[in-house]
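J.: This is the structure I have questions about; it appears just below.
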Amino acid sequence: IRPPRVMEIEDKSVSGNGGRKRRLRLICRSKGLPIPMLSWSRNGTLIHPNQRIRITYKKRSSTLLITEPSKSDQGRYECTASGVSGKPSSSHFDFHDFSVHSENSEATDRPCDPDMALHYCFNGGTCHYVMKMQEMYCVCPDGYTGLRCDSKLPSQSSMYPSTPSLYTCKMGLSTRYFC
């Protein structure tokens with residue numbers, strides 16, 4: 001058993017005339033045993049496939065495909081790997097511009113003003129401001145999700161112990177088995 005880990009998110013987008021992206025295509029690669037479950041979110045909200053958005057899975061990778069991306073598709077895309085052991089692992093890709101000439105996200109991304117940061121993100125989330133989009137988003141602490149970290153993730157823990165040898169059942173006078 002090895003904990004889940006996102007190795008990388010690779011941008012394999014296809015551009016059309018004028019440098020505008022015809023398709024936003026992100027590939028998330030992971031490691032872990034058993035094979036981790038991968039999920040995609042945008043600005044902290046889980047992405048659900050529709051006519052324009054496709055998500056495919058193949059062993060330890062997942063591909064997010066958005067056809068004809070628009071300004072409403074801009075934001076922070078995050079791939080999260082979850083497994084039976086260890087904390088979930090994630091990596092992100094900032095999609096702020098749908099032209100070929102992308103900028104360093106650190107140059108357009110900064111912490112929110114202290115007054116706004118205090119009230120925007122919930123549950124200990126860290127507020128960030130994307131100058132190019134003039135929008136705020138939250139980086140949520142472990143256990144929380146949502147645009148403003150307002151939703152609690154379901155617990156990864158189980159009511160059953162991870163070591164089944166703690167419980168043995170007796171059948172007859174001498175036969176024991178795990179139950």
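Residues in the sequence shown are numbered consecutively from 1, following full-length UniProt numbering.
Positions of the beta carbon are idealized from the N, C-alpha and C atoms, including for glycine.
The structure displayed is predicted, hence computed values, not measured ones.
Which term fits leucine 147, buried or exposed, when burial requires 16 or more other beta carbons within 10 angstroms of its beta carbon?
T.: Along the sequence shown, read from residue 1 onward, the residue named residue 147 stands at position 147. Buried.
J.: Is the Cβ-Cβ distance between leucine 46 and serine 62 less than 8 Å?
T.: As a working note, residue 46 is residue 46 in the sequence shown. As a working note, residue 62 is residue 62 in the sequence shown. The answer is no: Cβ separation not under 8 Å.
J.: Unbroken beta strand (DSSP E) runs of length 3 or more, entirely within the UniProt domain "Ig-like" (4 to 94): which are they?
T.: DSSP runs (the beta strand (DSSP E)) wholly in the UniProt domain "Ig-like" (4 to 94): 21 to 33, 37 to 42, 53 to 58, 61 to 67 and 75 to 82.
J.: Would residue 184 and arginine 5 qualify as a contact pair, given that the criterion is a beta-carbon distance under 8 Å?
T.: For residue 184 there is no data in the structure shown, the boundaries of the chain being 1 and 179.
J.: When you compare each of Glu78, His96 and Cys112 to arginine 42 by their alpha carbons, which one comes out closest?
T.: Here residue 42 corresponds to residue number 42 of the sequence shown, with the count starting at 1. Answer by Cα proximity: Glu78.
J.: Proline 3 to serine 85, Cα distance in whole Å?
T.: Looking up residue 3 in the sequence shown gives position 3. Looking up residue 85 in the sequence shown gives position 85. Going from the Cα of proline 3 to the Cα of serine 85 covers about 5 Å.
J.: Please report the residue range of the beta strand (DSSP E) in which methionine 136 lies.
T.: For the purposes of this step, residue 136 is taken as the residue at position 136 of the sequence shown. Where methionine 136 is concerned, the enclosing beta strand (DSSP E) stretches over 135 to 139.
J.: Output the distance between the C-alpha atoms of lysine 58 and leucine 64, rounded to the nearest integer angstrom.
T.: Taking the first residue of the sequence shown as 1, we reach residue 58 at position 58. Taking the first residue of the sequence shown as 1, we reach residue 64 at position 64. Each residue's Cα considered, the two are about 12 Å apart.
J.: Looking at the ligand ZN, does it come within less than 7 Å of cysteine 138, judged from the CB to the closest heavy atom?
T.: As for the ligand ZN, it is missing from this structure, which has no ligand bound.
J.: Assuming histidine 119 is part of the alpha helix (DSSP H), what are its boundary residues?
T.: On the sequence shown, position 119 is the one that residue 119 refers to. Looking at the DSSP string, the run of the alpha helix (DSSP H) that includes histidine 119 is 114 to 120.
J.: Between the Cα of alanine 81 and those of Val130, Leu33 and Ser151, spot the shortest distance and give me the residue it belongs to.
T.: Here residue 81 refers to the residue found at position 81 of the sequence shown. Alanine 81 has its Cα closest to that of Leu33, out of Val130, Leu33 and Ser151.
J.: Look up cysteine 149 in the DSSP assignment and give the residues it is bridged to.
T.: Locating residue 149 in the sequence shown gives position 149, where the first residue counts as 1. In DSSP, cysteine 149 forms no bridge with anything.
J.: If you reduce the DSSP assignment to three classes, tell me which class histidine 128 lands in.
T.: Counting from one through the sequence shown, the residue named residue 128 turns up at place 128. Here histidine 128 sits in strand by DSSP.
J.: Using C-beta distances below 7 Å, list every residue in its chain close to methionine 7, excluding the 5 sequence neighbours before and after it, in chain order.
T.: The residue you call residue 7 lines up with position 7 of the sequence shown. If we look at methionine 7 and ignore the five residues flanking it on each side, its Cβ neighbours are Arg29, Ser30 and Lys31.
J.: Check this for me: beta carbons of glycine 75 and cysteine 140, under 8 Å apart or not?
T.: Numbered from its first residue, the sequence shown carries residue 75 at position 75. Numbered from its first residue, the sequence shown carries residue 140 at position 140. No, the Cβ-Cβ distance between glycine 75 and cysteine 140 is not below 8 Å.
J.: Smallest Cα separation from lysine 87: which of Gly125, Asp94 and Leu153?
T.: Position 87 of the sequence shown, counted from the start, is the residue given in the question as residue 87. The option with the nearest alpha carbon to lysine 87 is Leu153.
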